[in-house]
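Before any comments, here is the structure.
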Amino acid sequence: MEYLGLAAACEGFCREFSEQQSVQIDFHSQDIPKDLPQEIALCLFRVLQEALQNAAKHSGVRQFEVLLKVASNEIQLSVDDSGVGFDLQEAMSGPGLGFTSMKERMKLIDGHLSIDSKPEGGTTIHARAPLCPMVKSAAGR
2 MEYLGLAAAC EGFCREFSEQ QSVQIDFHSQ DIPKDLPQEI ALCLFRVLQE
52 ALQNAAKHSG VRQFEVLLKV ASNEIQLSVD DSGVGFDLQE AMSGPGLGFT
102 SMKERMKLID GHLSIDSKPE GGTTIHARAP LCPMVKSAAG R
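Counting from 1 along the sequence shown, just add 1 to a position and that's the residue number in my numbering.
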């Protein structure tokens, strides 16, 4: 990721994941700078991995859309499926740590994670991070 940039790393991951899981992923990126701070790039990459793994495991569909773009001085990532969806309150109070860890990752880079999902209506994970974040360490410095 350090040499190729976030867009190339995400595209490569989508291609590999697609082959391993026998799913189709439509990946699109727009205007992603190659020289992003490493913390932002890694955080968004990890959110992408978690979101796609959740979608492949729980959505009931085999086709996903990933969009990575810059808008309004921030990087935006969305992972979308048209699957079974879920009740967000139920999922947040359940035993899984996926959404919680994605939200926490985004907080570390001054970012934001939101989830749009409804039963039988699909799911979209939205992650947004400022291009110049106030990075916080996990130790809370």
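Positions of the beta carbon are idealized from the N, C-alpha and C atoms, including for glycine.
Burial is judged here by how many other beta carbons sit within 10 angstroms of a residue's own beta carbon; residue 57 has at least 16 and is buried.
Comparing alpha carbon positions, the residue from 22, 20, 31 closest to residue 8 is 31. Across the structure, residue 16 and residue 24 are spaced so that their CA atoms are roughly 10 Å apart. Here residue 125 is bridged, per DSSP, to 81, 117. Linking residue 33 to residue 5 through their CA atoms gives a straight-line distance of about 11 Å. Per DSSP, reduced to three states, the secondary structure at residue 3 is coil, with no helix or strand assignment.
Between residue 106 and residue 44, the gap from beta carbon to beta carbon is short of 7 Å. Beta bridge pairing from DSSP links residue 90 with no other residue.
In this structure, residue 88 lies away from residue 62, with their beta-carbon atoms at least 7 Å apart.
Here residue 2 is near residue 42, since their CB atoms are less than 7 Å apart. In the displayed model, residue 35 falls within coil according to three-state DSSP, outside both helix and strand.
Here residue 116 is actually not in contact with residue 67; their C-beta atoms are around 15 Å apart, not less than 8 Å.
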